[in-house]
Amino acid sequence: MLLFFLGSGCSALIYEVIWYELLRQVVGASSISMAIVLTSFMGGLFLGSWGFSRLIMPRYHPLLIYAVLELGIGLFGLLILVLLPSVRLLYVSVVGYGTAGILLRAVVCLICLLPPTIMMGATLPAVARWMSASRIGISRLGFLYMANTLGAVGGTLLAGFYLLPTYDMVTATQFAATVNILVAVFAIVLAWRTLPFPVPQTLTADTGGLQPLVIELPKFIVYGAIAVSGLTALGAQVVWTRLMSLMLGATVYTFTIILAVFLTGLAVGSSIGSYFVRVNSRPALLFGWSQLALAGAVPLAAFAISQILPFWILDPISLQDPGAKFGHDLIRTGAAILPATILWGASFPLALASAAEHTDEPGRLVGSIYASNTLGAIVGALAFSLVIIPWLGTQQAQQALTLLAGISGITILIAASSRLGRISYYSATAILVSSVSFVALMVTLVSPTESRLIGFGHELYKWAWENRFDYVDEGRVSSVAVSRLPNGYRYFHVGGKIVASSEPVDMRLQRMLAHLPALLHPDPKSVLIVGFGAGVTAGSFVRYPGIERIVICEIESRVTEAAG
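In our numbering, the protein residues as written are 6 to 569.
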């Protein structure tokens with residue numbers, strides 16, 4: 006079973022990378038477009054995990070259902086590769102841009118992504134029906150989740166660094182579909198070997214000689230807490246991807262590294278959490294402490310990203326080797342965010358054990374926990390990418406993550422302790438005050454995002470010491486800054502790079518971009534400028550009296566504010 010989920014997770018992440026690239030050509034690369042893609046993908050996972058156990062009758066063998074799901078995922082993976090190019094121009098040719106175009110883009114994403122992602126979300130609840138709602142059964146489910154996540158790490162690296170650079174999307178999709186088919190075939194063989202599958206009327210707990218789980222939390226508290234865990238995990242991934250992109254570059258390479266480290270931490274954490282479920286009879290307390298520990302891990306990551314990684318000394322000679330550069334970037338990223346991701350990974354099996362009762366149907370229990378976590382992840386990704394970062398900035402966003410994790414942990418600990426009934430009023434008060442004080446302290450310790458990091462990215466140690474920043478802001482798509490040197494020269498920064506300046510050589514180049522086409526065209530009337538920049542090119546076009554219309558395409562509103 007571990008090998009099944011290893012292969013399933015590998016193919017799923019290969020598909021995600023491919024679909025991300027394909028859908029960028031259909032829906033665009035703006036923050037709203039990417040939010041549509043993310044919502045469609047994770048919405049399918051939510052629907053699959055939540056609805057599966059409520060629709061499929063228990064009499065069917067779990068492995069046969071799992072095999073059908075894997076075959077369906079592979080089939081739709083191949084179909085999407087054929088269908089997406091045919092709808093690439095649909096939303097422009099039918100309704101154009103604006104609100105109607107956004108709605109049509111959302112419909113296209115939903116039609117393409119919902120069927121396979123619903124089946125992806127249903128795979129773990131399907132196999133969970135083969136387990137029992139006991140310590141051993143839940144521990145096994147945690148290890149399956151770990152294997153699935155570990156496979157996802159392999160799929161991310163395989164797609165980002167080998168299949169797509171070496172071959173193409175067709176070959177990568179065929180590889181992923183082949184993995185799905187092989188997993189399905191072996192699942193069918195194993196299912197036939199275990200027939201007949203018993204239909205349990207009353208589930209019994211296979212404790213394996215271990216002390217049964219102590220039910221410490223109402224299910225609604227567990228569902229809420231694991232949803233908050235998903236929210237903070239995806240919110241942190243959005244924030245840290247934005248910040249790490251300043252140092253590593255806003256490329257698929259950076260996204261792949263961060264995703265690989267994130268998934269590795271989830272896999273390691275899931276295995277640790279599964280182990281503690283097996284050896285500890287009160288997982289709710291561990292669940293609460295893990296969330297409270299996140300309130301310390303998030304500020305630690307913020308400090309590392311802002312104050313340590315930009316000054317991490319690297320050997321420029323070794324960085325000429327792509328393999329060495331990849332290793333350096335992987336180590337730096339892991340040093341910053343791995344502790345927090347391990348805690349998020351441990352949350353899933355601990356939440357399962359905190360809510361499990363011996364009479365629970367395992368598929369429905371796993372589906373509900375997984376769906377709650379996924380729903381929180383959807384809210385976190387959308388809220389932090391579209392609202393919180395543009396509105397508050399990355400420092401306040403990380404403070405919000407710290408506060409949410411701390412509140413969740415304190416709530417779980419209070420609920421679990423009250424059910425134990427073995428703690429005095431004074432001890433409970435002391436623990437509560439200490440926990441609240443710890444969370445409040447951690448919120449204040451979240452490091453601010455350095456203006457120099459926003460302006461110069463990975464080269465801040467070379468260029469940023471004499472610059473004074475006149476403008477710094479973080480938008481939906483990128484971070485923008487304006488700085489000046491003591492000699493009066495001004496610099497325009499987007500995404501950690503200088504994109505324009507008032508130095509004479511740069512001013513000549515920016516003006517030339519307008520003068521060359523205007524002089525070469527016999528009678529220019531309309532101009533299209535892709536990217537506003539500092540506005541010098543657009544201003545140079547104004548000098549030509551025959552030009553009646555200037556259209557500027559810019560996806561980051563902060564750019565025009567900074568240029569003004």
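The beta carbon of each residue, even a glycine, is placed where N, CA and C say it ideally should be. Since we're looking at a predicted model, the values are computed, not measured.
Who pairs with Arg489 in a beta bridge, going by DSSP?
Its beta-bridge partners are Arg473, Arg495.
When the distance is taken between beta carbons, is Pro304 closer than 8 Å to Ala358?
Here Ala358 is not near Pro304, since their CB atoms are 8 Å or more apart.
Ala192 classed as buried or exposed, judged by whether at least 16 other C-beta atoms fall within 10 angstroms:
In this structure Ala192 is buried. Its beta-carbon is surrounded by 16 or more other beta-carbon atoms within 10 angstroms.
Could you tell me the alpha carbon to alpha carbon distance between Cys558 and Ala539, rounded to whole angstroms?
Between Cys558 and Ala539, the alpha-carbon positions lie close to 13 Å from each other.
Residues in its own chain within less than 7 Å of Cys114 by CB, not counting five upstream and five downstream?
Excluding five sequence positions before and after Cys114, the CB atoms of its chain that fall closer than 7 Å to its own CB belong to Leu28, Val32, Ile41, Val42, Ser45, given in chain order.
Alpha-carbon to alpha-carbon, Ile277 and Ala307
Going by the C-alpha atoms only, they are around 24 Å apart.
Figure out for me which residue from Phe474, Gly350, Val451 has the closest Cα to the Cα of Phe461.
Residue Phe474 is the option with its Cα nearest to Phe461.
Using only CA atoms, which one of Ile78, Phe281, Met151, Ala131 lies nearest to Thr122?
Taking Thr122 as reference, the option from Ile78, Phe281, Met151, Ala131 with the minimal CA-CA separation is Ile78.
Rounded C-alpha distance that separates Gln206 from Gly368:
Low per-residue confidence applies at Gln206: pLDDT is 39, beneath 50, and the placement is therefore not dependable, though the value from the model is reported in the following sentence. So the two alpha carbons sit approximately 14 Å from each other.
Per DSSP, Leu533 forms a beta bridge with which residues?
The beta-bridge partner set that DSSP reports for Leu533 consists of Val556.
Counting C-beta neighbours from all protein chains within 10 Å, is the total for Pro170 16 or more, i.e. buried, or is it exposed?
So Pro170 counts as exposed.
If I'm right that Ala302 touches Met125 with Cβ under 8 Å, what's the distance once you round it to whole angstroms?
Their Cβ separation, rounded to whole angstroms, is 28 Å, which puts Ala302 and Met125 out of contact at 8 Å.
On a Cα-Cα basis, can you pick out the residue from Ser413, Leu155, Ser144 that is closest to Asn285?
Minimum Cα distance to Asn285 is reached at Ser144.
Would you list the one or two residues that DSSP bridges to Ser506?
Beta-bridge partners of Ser506 (DSSP): Tyr496.
Quick check: the Cα distance between Ile70 and Trp55, rounded to an integer number of angstroms?
Going by the C-alpha atoms only, they are around 16 Å apart.
Which of the three DSSP states, helix, strand or coil, is assigned to Ser452?
Looking at Ser452 - three-state DSSP - the assignment turns out to be coil, as it is neither helix nor strand.
Which runs of the alpha helix (DSSP H), 4 residues or longer, sit entirely within the region 298 to 337?
Runs found: none.
Okay, do the region 410 to 426 and the region 437 to 454 touch, 3+ Cβ pairs below 8 Å being the bar?
A contact exists between the region 410 to 426 and the region 437 to 454.
Going by the CB atoms, is the gap between Leu408 and Val444 shorter than 8 Å?
Yes.
Mind checking which residues open and close the alpha helix (DSSP H) that includes Pro367?
DSSP places Pro367 inside the alpha helix (DSSP H), whose first and last residues are 367 to 388.
On the criterion of 16 or more Cβ atoms from any shown chain inside 10 Å, does Pro327 qualify as buried, or is it exposed?
Flag for Pro327 reads exposed.
So, using beta-carbon positions, are Gln296 and Ala230 closer together than 8 Å?
For Gln296 and Ala230, yes; Cβs fall inside 8 Å.
Same chain, Cβ closer than 6 Å to Ala567, five either side skipped, listed in chain order:
Closer than 6 Å at Cβ, skipping near neighbours: Tyr476, Val485, Val487.
Using the beta-carbon count (16 or more within 10 Å), is Asn153 buried or exposed?
Burial call: buried.
Apart from the five residues on each side of it in sequence, which residues of its chain come closer than 6 Å, Cβ to Cβ, to Gly501?
Leaving aside the five residues that flank Gly501 on each side, the residues in its chain whose CB is nearer than 6 Å to its CB run, in chain order, Leu251, Gly462.
Please go through the same chain and pick out, in chain order, the residues whose beta-carbon is closer than 6 Å to the beta-carbon of Leu68, but skip the five residues on each side of it.
Counting only residues of its own chain and dropping the five nearest sequence neighbours on each side, Leu68 has a CB closer than 6 Å to the CB of Ala192, Leu195, Ala196.
Would you mind working out which of Met512, Ile419, Phe353, Ala298 sits nearest Ala410, comparing C-alpha positions?
Comparing Cα positions, the closest option is Ala298.
8 Å Cβ cutoff met for Leu146 and Ala133:
Against a cut-off of 8 Å, the Cβ pair of Ala133 and Leu146 comes out as a contact.
Compare the Cα-Cα distances from Leu155 to each of Ala181, Phe267, Ala189 and report the closest residue.
Comparing Cα-Cα distances from Leu155 to each of Ala181, Phe267, Ala189, the minimum goes to Phe267.
Assign Ser276 to one of three DSSP states: helix, strand, or coil.
Helix, per DSSP.
Is the shortest distance between the beta-carbon of Ala519 and the beta-carbons of chain C less than 8 Å?
Here there is only one protein chain, and chain C is not present.
Where does Glu26 fall in DSSP's three states?
Three-state result, Glu26: helix.
Can you find the residues in the same chain that come closer than 7 Å, C-beta to C-beta, to Glu553, ignoring five residues on each side of it along the sequence?
Cβ within range, chain order: Lys530, Ser531.
Status (buried if at least 16 other CB within 10 Å, exposed otherwise) for Gly12:
Under this definition Gly12 is a buried residue.
Since Ser545 is in the alpha helix (DSSP H), which residue starts that stretch and which ends it?
For Ser545, the uninterrupted alpha helix (DSSP H) run begins and ends at 541 to 546, by DSSP.
Between the Cα of Trp245 and those of Gly165, Ser279, Ala157, Ala345, spot the shortest distance and give me the residue it belongs to.
Of the listed residues, the one whose Cα sits closest to Trp245 is Ala345.
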